[in-house]
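Mapped onto our numbering, the consecutive letters of the sequence shown carry residue numbers 1 to 172.
C-beta atoms are modelled at their ideal positions from N, C-alpha and C, and glycine is treated no differently.
Structure record follows, encoded as structure tokens.
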Amino acid sequence: MKLLAKPFPLVTVMIFAVLSALPWGGDENLRSILPMMPLAVVHFWSARRPNLMPAVGVLFLGVLVDLLSQGPIGFYALLALMTGLMTTQLAEMSIFDTRLGRLLLAIIVFGCVEFFAWGLASLYVHTNQPLKPYVSTFMSLSIIYPFAALMLGAADNLLSPRPQPSMFSGRG
């Protein structure tokens with residue numbers, strides 16, 4: 001199981017990237033949320049196991065999302081890199097050590113990434129993009145993320161369980 005634990009974070013991001021590119025149907029809101037789901041997974045692994053989410057891997061996974069979403073090459077790569085780097089830097093702060101703190105960290109990162117995505121998209125088309133789809137995506141990611149984090153955390157615990165303190169300390 002430990003052999004699977006090392007590539008598991010990058011593989012889960014890749015799976016989410018492929019799933020986000022499938023034609024699920026739905027309205028415009030769903031089509032704007034799906035490419036951001038791999039970034040939520042990048043955030044989860046960057047906060048939980050930063051040593052298994054190298055920046056180069058995150059960059060290549062962002063390019064994969066770019067290719068699968070048929071968007072401009074580099075758009076999601078920049079967003080993925082920003083997500084990973086921002087999460088890695090902010091996760092070291094003690095305020096984010098609790099579950100509520102980790103959720104707050106996710107909301108902060110998603111808000112910054114969505115604002116950056118709006119600015120980048122506006123620069124790309126040389127006109128201000130409507131802000132509503134980006135706010136909607138931010139809110140949806142903030143609601144969906146705790147459930148995705150529970151699933152990914154359970155899978156991570158199955159693959160490489162952390163040592164639990166023993167009931168018996170071995171003393172007397």
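Query                                                                                                                              : Result
Ends of the alpha helix (DSSP H) at S140?                                                                                          : K132 to L159
DSSP three-state label for D97, please.                                                                                            : coil
Give the straight-line distance between the Cα atoms of G57 and M14, rounded to the nearest whole angstrom.                        : 10 Å
If the criterion is Cβ atoms closer than 8 Å, does the pair M40 and L79 meet it?                                                   : Checking the sequence, you will find Ala at residue 40 rather than Met. Cβ distance not < 8 Å, so A40 and L79 don't count as in contact.
Got a sec? Which residues, its chain only, sit under 6 Å from F8 by beta carbon, not counting five neighbours each side?           : L159
My understanding is that L105 touches L90, with C-beta atoms under 8 Å, so please give their C-beta distance in whole angstroms.   : 6 Å
Tell whether a beta-carbon distance below 8 Å holds between P133 and E28.                                                          : yes
How close, in whole Å, do the beta carbons of A17 and L68 come, if the pair is a contact with beta carbons under 8 Å?              : 6 Å
With a CB to CB cut of under 6 Å and the five nearest residues on each side skipped, what residues in its chain are close to L152? : F44
Closest to F115 by CA distance: which of S94, V135 and V65 is it?                                                                  : V135
What's the call for L100, buried or exposed, on a 16-neighbour Cβ count within 10 Å?                                               : exposed
From F60 to P35, what does the alpha carbon distance come to, in whole angstroms?                                                  : 15 Å
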